[in-house]
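Protein chains in written order, with our numbering: chain E, 2 to 444; chain G, 2 to 172; chain P, 124 to 340. Glycine is no exception: its CB is placed at the ideal position from the N, C-alpha and C atoms.
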Amino acid sequence: MSSPYLPDTPPAAITAAIADPVLHPDWGWRWWLGLGVSGALTLLMLVSIWWLFRMGVGVWGVDSSNIWGFALANYVWWIGIGNAGTLISALLLLTRQRWRASISRFAEAMTLFAAAIAGLMPILHLGRPWLFYWLAPYPDTMGLMPQWRSPLIWDFFAIASYLLFSLMFWYTGALPDFASLRDRAATKGKQMVYGTLAMGWRNSARHWRVWQDYYGAMAALGVPLVVSVHSVVGMDFAAGLMPGWAETIFPPYFVVGAMYSGFAMVVVLAAAFRRALRIPHLITDAHFDVMARVLLFCALVMTLSYATEWFYAWYSQEPVERFLTHTQFFGPYAPFYWTMLACNCLIPQLFWLRALRRSLPAVLVIAVLINVGMWLERILIISQTLSRGHLPSQWALFVPTFWDWALLAGSLGFFSLLFFLFIRWVPAASIHEVKERIHEATP
Amino acid sequence: MSGTRLLLAFDGPDALLAAARALRAEGVTDMDAHTPWHMEELDDLLALPRSNVRPVMLVAGLAAGLGIYLLQWWTSTQGYPINSGGRPLNSWPAFMFAVFETGVLAAAFAGLVAFLVTCRLPTLNHPFFVPAATEAASDHGFFLSLPAQDAPDRLTLERMVAPVRMIEVGP
Amino acid sequence: MAQIFHARANTIIRICLALLLIVPAGTVAAWMVVMRSDYVTGRNETVTQPVMFSHRHHTAEIGIDCRYCHSSVEDSAFAGIPPTETCMTCHSQLFTEADMLAPVRQSWVSGTRLNWNRVHDLPDYVYFNHSVHLAGGVACTTCHGAVGEMRLTRQVAPLTMEWCLSCHRAPGKNLSPRATLYDPFPTEGKSAEEGHALLAEYGIDTSGLTDCSACHR
Numbered sequence: 002m003s004s005p006y007l008p009d010t011p012p013a014a015i016t017a018a019i020a021d022p023v024l025h026p027d028w029g030w031r032w033w034l035g036l037g038v039s040g041a042l043t044l045l046m047l048v049s050i051w052w053l054f055r056m057g058v059g060v061w062g063v064d065s066s067n068i069w070g071f072a073l074a075n076y077v078w079w080i081g082i083g084n085a086g087t088l089i090s091a092l093l094l095l096t097r098q099r100w101r102a103s104i105s106r107f108a109e110a111m112t113l114f115a116a117a118i119a120g121l122m123p124i125l126h127l128g129r130p131w132l133f134y135w136l137a138p139y140p141d142t143m144g145l146m147p148q149w150r151s152p153l154i155w156d157f158f159a160i161a162s163y164l165l166f167s168l169m170f171w172y173t174g175a176l177p178d179f180a181s182l183r184d185r186a187a188t189k190g191k192q193m194v195y196g197t198l199a200m201g202w203r204n205s206a207r208h209w210r211v212w213q214d215y216y217g218a219m220a221a222l223g224v225p226l227v228v229s230v231h232s233v234v235g236m237d238f239a240a241g242l243m244p245g246w247a248e249t250i251f252p253p254y255f256v257v258g259a260m261y262s263g264f265a266m267v268v269v270l271a272a273a274f275r276r277a278l279r280i281p282h283l284i285t286d287a288h289f290d291v292m293a294r295v296l297l298f299c300a301l302v303m304t305l306s307y308a309t310e311w312f313y314a315w316y317s318q319e320p321v322e323r324f325l326t327h328t329q330f331f332g333p334y335a336p337f338y339w340t341m342l343a344c345n346c347l348i349p350q351l352f353w354l355r356a357l358r359r360s361l362p363a364v365l366v367i368a369v370l371i372n373v374g375m376w377l378e379r380i381l382i383i384s385q386t387l388s389r390g391h392l393p394s395q396w397a398l399f400v401p402t403f404w405d406w407a408l409l410a411g412s413l414g415f416f417s418l419l420f421f422l423f424i425r426w427v428p429a430a431s432i433h434e435v436k437e438r439i440h441e442a443t444p
Numbered sequence: 002m003s004g005t006r007l008l009l010a011f012d013g014p015d016a017l018l019a020a021a022r023a024l025r026a027e028g029v030t031d032m033d034a035h036t037p038w039h040m041e042e043l044d045d046l047l048a049l050p051r052s053n054v055r056p057v058m059l060v061a062g063l064a065a066g067l068g069i070y071l072l073q074w075w076t077s078t079q080g081y082p083i084n085s086g087g088r089p090l091n092s093w094p095a096f097m098f099a100v101f102e103t104g105v106l107a108a109a110f111a112g113l114v115a116f117l118v119t120c121r122l123p124t125l126n127h128p129f130f131v132p133a134a135t136e137a138a139s140d141h142g143f144f145l146s147l148p149a150q151d152a153p154d155r156l157t158l159e160r161m162v163a164p165v166r167m168i169e170v171g172p
Numbered sequence: 124m125a126q127i128f129h130a131r132a133n134t135i136i137r138i139c140l141a142l143l144l145i146v147p148a149g150t151v152a153a154w155m156v157v158m159r160s161d162y163v164t165g166r167n168e169t170v171t172q173p174v175m176f177s178h179r180h181h182t183a184e185i186g187i188d189c190r191y192c193h194s195s196v197e198d199s200a201f202a203g204i205p206p207t208e209t210c211m212t213c214h215s216q217l218f219t220e221a222d223m224l225a226p227v228r229q230s231w232v233s234g235t236r237l238n239w240n241r242v243h244d245l246p247d248y249v250y251f252n253h254s255v256h257l258a259g260g261v262a263c264t265t266c267h268g269a270v271g272e273m274r275l276t277r278q279v280a281p282l283t284m285e286w287c288l289s290c291h292r293a294p295g296k297n298l299s300p301r302a303t304l305y306d307p308f309p310t311e312g313k314s315a316e317e318g319h320a321l322l323a324e325y326g327i328d329t330s331g332l333t334d335c336s337a338c339h340r
């Protein structure tokens, strides 16, 4: 009996399916077009960063009421996307979910890219971004150390650790695949590059055992790490004293939100990779089915989280909380809030239907809508609270400027640029793990 | 693991496992294998030693966590005590974020180093790479590796485990 | 495939991996050294002045008090740079033909001030106040060094925040008795007891000395 996720395929065919698009790329104009568009958007991001450095944070829509704005919303959104990769890899590895094998590699790459972009956002928001290294504890000439009780420092440690951890986890998983590429490469140059990356991996059983010890331990560390990273992001808000932020529910609520948007992004990428690499036998309809179920579950938890917030507002009898909840539904940002509820809570309920879970276009559209909804959630958490703070004299609506949008669009472009390069240079799925899972499933 | 080794090539994982079992029964020790994926069955069958990667990770993680805690304690209470909203100088719950993140990072890094050192990697140039046939190990080839001097003679091997081919790999 | 890499590659890649750790760590370490070096702090650098003015001659050799020229040092944040008139109180009578003093005479005649260059320049976000330091018993030479030895004036202290804090955290041993505050040479070797006594004598409350707002407003 072969698994519905991985139909029985001989090992050599798997190596060919995953390695050949890297070694003998023939994507033609589509790849170049994608690279060009992403490159142009990346350029827009660089220009917006340059303008920010030159002029200061005033180029954005932030002011003394709306101190956070797009930069922090983008940060929370990107780091959320960055969390799903490690979750898929680590959590699903530990729970021995076979379907992870063919999506884990690019999901981990997604983690790396998204976390790197996320890490950039708070730095850009610092005001004097070039002094960001003050966040690190080192013996400076000022005799100062970081203020360890500040959420900004927690962020710094969380993101820096997560980024480096993800890089090591990703590289360890890819090491045997680089050996496959080295052994398959026809030119001396490719042999040297992938040979160096493979570090002389010989597929030895002794090495495999050590590798498994390390990789398994990394997976076991990865799950609590992901939870801690996004809990820290939740704490950025919960440690503040603003209405709608100082809630004990925030860390778990943010972790689920991160998983939600991250899985939605994985679905989008999986659809893209399946089409680009022509590997419907490795990323199957069953994959989309199971990921849609995960999304459905997350949608239910998110709905519960929103409902808990409303309940707290009512039950606490706290006037500011009740006012904030009323503002959410009927205030100036209400249309966005209703849209967010539709995207995050209502539309994913369509996944109760098996036919829709197995329809690639339907899954894709809903996944994109979830990502839009989750981004709206991030910006609304920030703007609703800050625009209607404790002091009515400080009330002011947040209005994004051109440079806010430029940074958001540019970061999306940069993300896809990295993926266009990734698909060209790195095997997009785990060659050795797919083989192992197929072997396990075959009696 | 040094010295000349004999590689027996097989078609698939099952033939490899059967051969390993037979040679083990014959008393051949110091065996290794080269397979496209991690075959858990081989860990016991070849009596492969468990590595000390995980203990190293544990120690490194705990040490780094303790170290960053001590740094936070020192800077907050001794180096530059700052009264922030009347909170205790040694605000240990707030310090735990950096402790955990740093501990995990240190464990991951120490584990990577331990993994490479245990496997003696990187070894870009190795006798294993000399015969062209061994490159199948990362694709669809299954090799059992045994020390050439302790190996039964080739006729016996042929009869016992019927490998597809035999390759000698220099020291 | 045969052997892709030469036997030397094993050593080379191991060295490269080691460098991957050593280079960033070394760069950070080197940078910390550079940030404390005279090159960055400006310590011991002799600043070119419009007139070759010797503090050693005017203080240690002929015994003019610091406050004769830096007249606002006791009651203002700024010690004061003397106007040309102060120079001319003596030099209208002494060395009236000296070439070295030509710019002073020219300034006096034309009424344009001499453009002295700052030797000790703190960042603008530090609100340093000379008078409060003198009132608290910090002698001139504690920060400015042995002015009585300097033919050309230079910065002796690194003027880093670390350096400021080293005194703000433990001011006692850096204080001087009132009688010696304006001496051109520092008094060496104060004991801890003397330091304590001076703290009490000047009535210094050390509790707020390392508050951010002590120096940054």
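Excluding five sequence positions before and after residue 380 of chain E, the CB atoms of its chain that fall closer than 6 angstroms to its own CB belong to 74, given in chain order. Look at residue 14 of chain G: its C-beta is under 9 angstroms from a C-beta on chain E.
The CB of residue 55 of chain G comes closer than 7 angstroms to the CB of 214 and 218 in chain E, given here in chain order.
Fully contained in the stretch 90-166 of chain E is no beta strand (DSSP E) run of length 3 or more. Of the candidates P:296, P:192, P:211 and P:330, the residue whose Cα lies closest to the Cα of residue 182 of chain P is P:192. Going by beta carbons, residue 100 of chain G and residue 69 of chain G fall inside the 9 angstroms limit.
The Cβ atoms of residue 123 of chain G and residue 174 of chain E do not sit closer than 9 angstroms to each other. Chain P has no Cβ within less than 9 angstroms of the Cβ of residue 119 of chain G.
The beta carbon of residue 140 of chain G sits closer than 7 angstroms to those of 37, all from its chain and outside the five residues before and after it, given in chain order.
Residue 220 of chain P is classed as exposed because its beta carbon has fewer than 16 other beta carbons within 10 Å across all chains shown. The Cβ atoms of residue 371 of chain E and residue 309 of chain E lie no closer than 9 angstroms to each other. The beta carbon of residue 318 of chain P is closer than 7 angstroms to those of 295, 296 and 298 in its chain, skipping five residues each way along the sequence.
The distance from the Cβ of residue 179 of chain P to that of residue 272 of chain P is about 6 angstroms, consistent with a contact at the 8 angstroms cut-off. For residue 152 of chain G, same chain residues with a beta-carbon under 6 angstroms away, outside a window of 5 residues either side, are 7 in chain order. For the options G:80, G:160 and G:33, the alpha carbon positioned closest to that of residue 46 of chain G is the one of G:33. Contact between residue 280 of chain E and residue 18 of chain E holds, since their C-beta atoms are separated by about 6 angstroms, short of 8 angstroms. DSSP places residue 148 of chain G within a strand segment (E or B) once states are collapsed to three.
In this structure residue 10 of chain G does not touch residue 160 of chain G by the C-beta definition: roughly 17 angstroms separates them, more than the 8 angstroms allowed. Within the stretch 100-133 of chain G, the residues whose Cβ lies closer than 9 angstroms to some Cβ of chain P are 117, 123, 124, 125, 126, 127, 128, 130, 131, 132 and 133, listed in chain order. Residue-level contact by beta carbon fails for residue 313 of chain E and chain G, as no gap is shorter than 9 angstroms. At a C-beta separation below 9 angstroms, residue 138 of chain G has these neighbours in chain E: 180, 184, 203, 204 and 205. For residue 173 of chain E, none of the residues of chain P pass the 7 angstroms Cβ criterion, the least Cβ distance being about 15 angstroms. DSSP, read as helix, strand or coil, puts residue 240 of chain E in coil. Of all alpha-carbon atoms in E:20, E:9 and E:70, the one lying nearest the alpha-carbon of residue 402 of chain E is that of E:70. Judged by beta-carbon spacing, residue 110 of chain E lies beyond the 9 angstroms limit of residue 278 of chain E, meaning their Cβ atoms are not closer than that value.
Taking C-beta separations shorter than 7 angstroms and ignoring five residues to either side along the sequence, the partners of residue 61 of chain G in its chain run 107, 108 and 111, following chain order.
Residues of chain G whose Cβ lies closer than 9 angstroms to the Cβ of residue 436 of chain E are, in chain order, 37, 38 and 141. Annotation for residue 167 of chain G: the continuous beta strand (DSSP E) segment containing it runs 166-170. In the displayed model, residue 203 of chain E falls within coil according to three-state DSSP, outside both helix and strand. Comparing C-alpha distances from residue 113 of chain G to each of E:214, E:383, E:182 and E:235 shows the shortest one belongs to E:214.
Note that the stretch 92-100 of chain E does not touch the stretch 109-129 of chain E; fewer than 3 beta-carbon pairs, one per stretch, sit closer than 8 angstroms. Residue 329 of chain E and residue 387 of chain E have their C-alpha atoms spaced approximately 12 angstroms apart. Around the C-beta of residue 67 of chain E, 16 or more other C-beta atoms lie within 10 Å, and the residue is accordingly described as buried.
At a cut-off of 9 angstroms between C-beta atoms, residue 160 of chain G does not count as an interface residue with respect to chain E. Neighbourhood of residue 88 of chain G in chain E, by CB distance below 9 angstroms: 150, in chain order. Under the 10 Å beta carbon count, residue 41 of chain E is surrounded by fewer than 16 other beta carbons and is classified as exposed.
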